[in-house]
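Novice: Sharing a structure below in structure tokens format, with a few things to ask.
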Amino acid sequence: MSAESVEADLLGQAGAEIVDSVVAGQLSVADAAQAYIAAQMAAQGGSALAEATLVASAFAGIAPDGGPLETLLFLPAIGVRRRLAAGMPPEEAMLGGLADMARYASTSVADAARSADQVSMAANRSCVAYVRIVQLPACARCIILSGRMYTYSEGFLRHPLCDCETIPLREREWPGVPTPKQLFDRMSTDQQRKAFTVDGARAIRAGADVGQVVNARRGMSTAHMFGRDLVVTSEGTTKRGLFGSRMRRAGGEFVKRPGERYSRLTAPRLTPEEIFRVTDGRDEQLRLLRRNGYLL
Numbered sequence: 003m004s005a006e007s008v009e010a011d012l013l014g015q016a017g018a019e020i021v022d023s024v025v026a027g028q029l030s031v032a033d034a035a036q037a038y039i040a041a042q043m044a045a046q047g048g049s050a051l052a053e054a055t056l057v058a059s060a061f062a063g064i065a066p067d068g069g070p071l072e073t074l075l076f077l078p079a080i081g082v083r084r085r086l087a088a089g090m091p092p093e094e095a096m097l098g099g100l101a102d103m104a105r106y107a108s109t110s111v112a113d114a115a116r117s118a119d120q121v122s123m124a125a126n127r128s129c130v131a132y133v134r135i136v137q138l139p140a141c142a143r144c145i146i147l148s149g150r151m152y153t154y155s156e157g158f159l160r161h162p163l164c165d166c167e168t169i170p171l172r173e174r175e176w177p178g179v180p181t182p183k184q185l186f187d188r189m190s191t192d193q194q195r196k197a198f199t200v201d202g203a204r205a206i207r208a209g210a211d212v213g214q215v216v217n218a219r220r221g222m223s224t225a226h227m228f229g230r231d232l233v234v235t236s237e238g239t240t241k242r243g244l245f246g247s248r249m250r251r252a253g254g255e256f257v258k259r260p261g262e263r264y265s266r267l268t269a270p271r272l273t274p275e276e277i278f279r280v281t282d283g284r285d286e287q288l289r290l291l292r293r294n295g296y297l298l
């Protein structure tokens, strides 16, 4: 199999089926987000009622960097071509491409889930915060954040293949989440060495603070994925897109750029993460989440 055949497959029916599968996963997790937040709030004695309805489709078809999902899911083909050009055996090059595809697909679905959860938290005034839940095995950067509480609108630190989860909280609620040291103690020696290096694991076992051994923020960002800043998204901004259609009815201006098939909005569409970053109060967040098509 050649690089050309892989590229042709991803540009054809096989690629379309992969994109459809990932979109289906994004829709599924986003569709469940509001019910999850409502159930958590009710279980903690709060209100299950939200002020707005989540638009699940607003979280589908978008890559973690805010760009088109199709573009991200074509990158494995480019990776195969580069590996072959570097002299890697074809079988190893293809396996590397499969690993890339699995990483991009799983990260895209997980990111849609976390983003939909956070928008759902904003739509329910009973929710004031969330706590990070770390699933083992995990990397050192995630482990030292276990049990940390954040305001409901604070960005979720993640990296590709991060499978950490969140528990939404009412005021004064605090679940018994394992501390970084407790997670470290649950790991095997090999897992400790893999996550913290041999010397780092030895230092922690000797009594060093886990947070001092690891730089929590290195390589993690709420606004940077796959090498690009996550600020706005062009998805859904054409006249045919869901968000674009709504803005067209509201009098939004469109322009057709060279090389593009459809006209797009001249105004950018903010991502949920960027909305939370640039706003202070819940009312303003809800207004922008509605305006950008994430809530009805």
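Once you know that position 257 of the sequence shown is 259 in the numbering used here, the rest is easy, because the numbers rise by one and skip nothing.
C-beta atoms are modelled at their ideal positions from N, C-alpha and C, and glycine is treated no differently.
(1) I'd like to confirm the pairing. Which residues does DSSP put opposite V212 in its beta bridges?
(2) Any idea what DSSP makes of Y132, helix, strand or coil?
(3) So, do the region 159-172 and the region 183-201 have three or more beta carbon pairs nearer to each other than 8 Å?
(4) State the start and end residues of the unbroken beta strand (DSSP E) segment that holds T199.
(5) Are G63 and L75 close, meaning C-beta to C-beta below 8 Å?
(6) So, is R134 buried or exposed, given that buried needs 16 or more other C-beta atoms within 10 angstroms?
(7) Under a Cβ-count criterion, where at least 16 other Cβ atoms within 10 Å of its own Cβ denotes burial, should T168 be classed as buried or exposed?
(8) Using the beta-carbon count (16 or more within 10 Å), is Q36 buried or exposed?
(9) Leaving out the 5 sequence neighbours to the left and right, which residues in its chain are closer than 6 Å to M151 when beta-carbon positions are compared?
(10) Who are the near neighbours of V21 in its chain, counting only those whose CB is closer than 7 Å to its CB and skipping five residues on each side?
(11) Considering only C-alpha positions, which residue in the set L51, R83, A40 is nearest to D102?
(12) Taking Cβ positions, are G209 and V179 nearer each other than 8 Å?
(13) Give a yes or no on whether the C-beta atoms belonging to A40 and A52 are separated by under 8 Å.
(14) Relative to the C-alpha of L56, which residue among E19, G213, S30 is closest?
(15) Contact criterion: CB-CB distance below 8 Å. Does M96 meet it with respect to chain B?
(16) Once DSSP output is grouped into helix, strand and coil, what is the label at I146?
(17) May I have the straight-line CA-CA distance separating A124 from F278, to the nearest angstrom?
(18) For A118 and I146, I'd like the C-alpha separation in whole angstroms.
Specialist: According to the data block:
(1) Position 210 of the sequence shown, counted from the start, is the residue given in the question as residue 212. According to DSSP, V212 bridges with nothing at all.
(2) The sequence position of residue 132 within the sequence shown is 130, counting from 1. Three-state result, Y132: strand.
(3) no
(4) On the sequence shown, position 197 is the one that residue 199 refers to. No beta strand (DSSP E) contains T199, which DSSP labels as neither H nor E.
(5) Walking along the sequence shown from the start, residue 63 turns up at place 61. Walking along the sequence shown from the start, residue 75 turns up at place 73. Contact flag unset, no.
(6) Locating residue 134 in the sequence shown gives position 132, counting from the first residue. By the neighbour-count rule (16 or more Cβ atoms within 10 Å), R134 is buried.
(7) Indexing the sequence shown from 1 puts residue 168 at position 166. Label assigned to T168: buried.
(8) As a first step, residue 36 must be located in the sequence shown, where it is residue number 34. By the neighbour-count rule (16 or more Cβ atoms within 10 Å), Q36 is buried.
(9) Locating residue 151 in the sequence shown gives position 149, counting from the first residue. Result list for M151: A131, V133, in chain order.
(10) Position 19 of the sequence shown, counted from the start, is the residue given in the question as residue 21. Excluding positions up to five away in sequence, the list reads L71, E72, L75.
(11) Walking along the sequence shown from the start, residue 102 turns up at place 100. The shortest C-alpha separation from D102 is found at R83.
(12) Here residue 209 is taken as the residue at index 207 of the sequence shown, counted from 1. Here residue 179 is taken as the residue at index 177 of the sequence shown, counted from 1. No. Outside cutoff.
(13) Stepping through the sequence shown from its first residue, residue 40 is reached at position 38. Stepping through the sequence shown from its first residue, residue 52 is reached at position 50. In contact: A40 and A52 (Cβ atoms closer than 8 Å).
(14) By 1-based counting over the sequence shown, the position of residue 56 is 54. Of the listed residues, the one whose Cα sits closest to L56 is S30.
(15) Within the model displayed, chain B is absent; a lone protein chain is all it includes.
(16) Translated into positions along the sequence shown, residue 146 becomes position 144. If DSSP states are grouped into helix, strand and coil, I146 belongs with coil.
(17) Walking along the sequence shown from the start, residue 124 turns up at place 122. Walking along the sequence shown from the start, residue 278 turns up at place 276. Cα to Cα, the separation comes out at about 9 Å.
(18) Against the sequence shown, residue 118 aligns to sequence position 116. Against the sequence shown, residue 146 aligns to sequence position 144. Looking at the two C-alpha atoms, the distance is approximately 24 Å.
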